[in-house]
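Residues in the sequence shown are numbered from -14 upward in steps of one, following the working numbering.
Take a look at the structure below.
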Amino acid sequence: MSMTLTNKREMYTVENSTSTVRLEGDVTIDADKNIVSFSGVFTDVISGEGAGSFNYNESIDRMNVSYNGITIASKQNCEDILEGTIAAIKTEVSK
């Protein structure tokens, strides 16, 4: 028997919050430290209600991001926490 393991990935559950929005999601990192899958939900911290969801992935020098069900009023807060969380993930996995 000859077995080969390829496409190694690490998976994490992620939680991050600001004074206005909480982010919860699951992220998968490949061996090259690219975020191949990151999806989750936003929650309005003040009301406790759902504030939408997101999907993000990247490959070398390209990225895709989509938002679903976020309000125009919460758009900037959701974008900011997602971008900050991505940066923090990259810092943490590169240690």
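Virtual Cβ for every residue (Gly too), placed ideally from N, Cα, C.
Please report the straight-line C-alpha distance between residue 24 and residue -10, rounded to a whole angstrom. When the Cα atoms are used, residue 24 and residue -10 turn out to be separated by approximately 25 Å.
Please state if the CB of residue 30 and the CB of residue 5 are separated by a distance shorter than 7 Å. Contact: yes.
Start and end residues, alpha helix (DSSP H) containing residue 33: Careful: residue 33 lies outside any alpha helix (DSSP H) and carries neither H nor E.
On the DSSP letters alone, give me the boundaries of the alpha helix (DSSP H) that residue 71 sits inside. Residue 71 -> alpha helix (DSSP H) spans 60 to 78.
Residues near residue -5 by beta carbon distance below 6 Å, same chain, minus five either side: Same-chain partners within the cutoff: 14.
If you count every other CB in all the chains shown that lies within 10 Å of the CB of residue 72, and 16 or more means buried, which is it? By the C-beta density criterion, residue 72 is exposed, having fewer than 16 other C-beta atoms within 10 angstroms.
My parser needs the beta strand (DSSP E) runs of 3 or more residues fully inside the segment -3 to 26; what are they? Within the segment -3 to 26, the complete beta strand (DSSP E) runs of at least 3 residues fall at 6 to 15.
Could you have a look at residue 51 and say whether DSSP puts it in helix, strand or coil? Residue 51: strand per DSSP, three-state reduction.
Simplified DSSP state of residue -8, which is helix, strand or coil: Coil at residue -8, not helix or strand.
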